[in-house]
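In our numbering, the protein residues as written are 31 to 462.
The structure is reproduced here in structure tokens:
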């Protein structure tokens, strides 16, 4: 452990010594970002190893390294540098989504259908009603919300309730990969987080249209808005299926340099997704799902990705840590604590109630909510859409509250989920 601390301190010291030179005139394009990313990756990996000695998830160490190097502490990963690294971040997210799709098996989904349906229904019902009630209680004490008419407060509460349902498949699959967890609880929670992504996007389009009508009478719900969201989801799944078919053909016919082919496919698919306004995560989940369930090559695909998974997770979660807005969290910390606590409580009650009605095992009813505690990319995207739809000042306030919640959830989520996997007895082997 002492050696780990020394090795963590050395890159931090070198980073501080190099800091004056990172701002030189006419540097190589992207050199600041690459140097900063290199040091952050080293420190993130070592911090993850250190936390592993305390039975904490390694990805928490990666997040903390990003926070320390980020714009609000050391400023080695400045806001500009973080923006320059978004391409690498999206590549890492695509690889994680491809892995998530490859871990979804039709046979398991069929056996879990009743439990998944029950928990989804419980989450939607409890989170929506719970956040409406919670916001009604805190709105009179919240500047920016206290003067809103009741119908607008309900619109804000419904939007926040939908966003609260969302989880982070990236966090879930990262913890599963790190702990090498296998079993019915692991399979159920992974399926639940992935299916939630699709449900939340559809539900959000409906609720956003209603809420927009409360704030802007001329912007009431239009059928085209909901149809567009449905269309984007189905197009994303269709493009992902084609991508999975292409990957399977390559694995069968060429069989060499598979990871290089996957990287090229990711870059091409990212551009196609941008042009067609597709959900990148859904594209790669569908691709992995196709290879796993409709070809005999699923295990080979996962092996190729997991061979390079460590740097992918370090980079992704380090950038996620650097992107957390700490000053914003400090400014709304009290309300954030209330909302995050409420979200955890509603997730627990929703999964417990849904599991009870669907006769799920007791362990699944008690701990499934912990798999949903982390939040990341999709939540941030929905928060920005809320700001654009509701306008100033309400939209900005809601976005800030949601981003503050993401910061807290992303730190707590991996710890809770790892603990749940250990309690389920499905952590087959903890890496050294």
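Ideal placement from N, C-alpha and C gives every residue a C-beta, glycine not left out. From a predicted model like this one, the values you see are computed outputs, not experimental measurements.
Nearest candidate by alpha-carbon position, reference residue i, set the options
| i | options | result |
| --- | --- | --- |
| residue 241 | 272, 269, 162, 227 | 162 |
| residue 306 | 401, 264, 399 | 264 |
| residue 346 | 187, 120, 156 | 120 |
| residue 333 | 281, 405, 201, 142 | 281 |
| residue 276 | 155, 316, 138 | 316 |
| residue 167 | 180, 147, 86 | 180 |
| residue 117 | 304, 395, 418 | 304 |
| residue 442 | 320, 393, 373 | 373 |
| residue 164 | 367, 385, 105, 390 | 367 |
| residue 141 | 217, 279, 408 | 217 |
| residue 65 | 82, 114, 87 | 114 |
| residue 352 | 75, 135, 97, 423 | 97 |
| residue 99 | 212, 176, 68 | 68 |
| residue 454 | 389, 394, 284 | 394 |
| residue 427 | 73, 153, 187 | 187 |
| residue 135 | 110, 177, 213 | 213 |
| residue 365 | 153, 173, 185 | 173 |
| residue 467 | 272, 298, 106, 215 | As displayed, the chain neither begins before 31 nor continues past 462, which places residue 467 out of reach and without an answer. |
| residue 144 | 420, 421, 386, 404 | 386 |
7 Å Cβ shell around residue i - same chain, five flanking residues per side excluded
| i | result |
| --- | --- |
| residue 314 | 124, 127, 128, 131, 270 |
| residue 108 | 101 |
| residue 182 | 244, 245 |
| residue 355 | 433, 437 |
| residue 209 | 448, 451, 457, 460 |
| residue 415 | 238 |
| residue 321 | 132, 274, 277, 278, 327, 328, 331 |
| residue 85 | none |
| residue 409 | 193, 196, 432, 436 |
| residue 103 | 97 |
| residue 430 | 358, 362 |
| residue 439 | 370, 403, 404, 405 |
| residue 249 | With a pLDDT of 49 at residue 249, under the threshold of 50, the modelled position of this residue cannot be trusted, and the question is left open. |
For residue i, the first and last residue of its enclosing alpha helix (DSSP H)
| i | result |
| --- | --- |
| residue 465 | Beyond the ends of the chain as shown, which are 31 and 462, falls residue 465; an answer cannot be given. |
| residue 183 | 180–195 |
| residue 135 | Looking at the DSSP string, residue 135 is not in any alpha helix (DSSP H), and its letter there is neither H nor E. |
| residue 371 | 363–387 |
| residue 109 | 109–114 |
| residue 401 | 392–401 |
| residue 339 | 339–353 |
| residue 312 | 310–324 |
| residue 103 | Taken as a continuous stretch (DSSP letters only), residue 103 belongs to no alpha helix (DSSP H), as it is neither H nor E. |
| residue 84 | From DSSP, residue 84 is part of no alpha helix (DSSP H); its letter is neither H nor E. |
| residue 335 | 328–336 |
Residue i - partner residues in DSSP beta bridges
| i | result |
| --- | --- |
| residue 211 | 457 |
Beta-carbon proximity list for residue i, same chain, < 6 Å, skipping 5 on both sides
| i | result |
| --- | --- |
| residue 399 | 377, 378, 381 |
| residue 203 | 126, 129, 130 |
| residue 396 | none |
| residue 288 | 334 |
| residue 324 | none |
| residue 447 | 205, 400, 401 |
| residue 318 | 128, 131, 132 |
| residue 296 | 121, 124 |
| residue 192 | 233, 234, 237 |
| residue 369 | 435 |
| residue 175 | 169 |
| residue 418 | none |
| residue 74 | 92, 95, 344, 348 |
| residue 383 | 152 |
| residue 58 | Low local confidence applies: a pLDDT of 41 at residue 58 is under 50, so the model's placement there is unreliable, with the coordinate-based value given in what follows. Hits under 6 Å: none found. |
Cβ shell of residue i (< 8 Å), same chain only, five flanking positions each side left out
| i | result |
| --- | --- |
| residue 225 | 146, 150 |
| residue 199 | 126, 127, 130, 220, 223, 224, 227, 311, 315 |
| residue 258 | 235 |
| residue 89 | 78, 201, 204, 205, 208, 343, 347, 444 |
| residue 308 | 262, 265, 266, 269, 302 |
| residue 12 | Beyond the ends of the chain as shown, which are 31 and 462, falls residue 12; an answer cannot be given. |
| residue 157 | 191, 192, 194, 195, 373, 376, 377, 380 |
| residue 424 | 174, 175, 178, 182, 186, 245 |
Contact with chain B by residue i, beta-carbon distance below 8 Å
| i | result |
| --- | --- |
| residue 419 | Going by chain labels, chain B is absent from the structure shown, which holds only one protein chain. |
beta-carbon residue i near the ligand ZN non-hydrogen atom, thresh 7 Å
| i | result |
| --- | --- |
| residue 422 | What this structure holds is no ligand at all, so the ligand ZN is not there to describe. |
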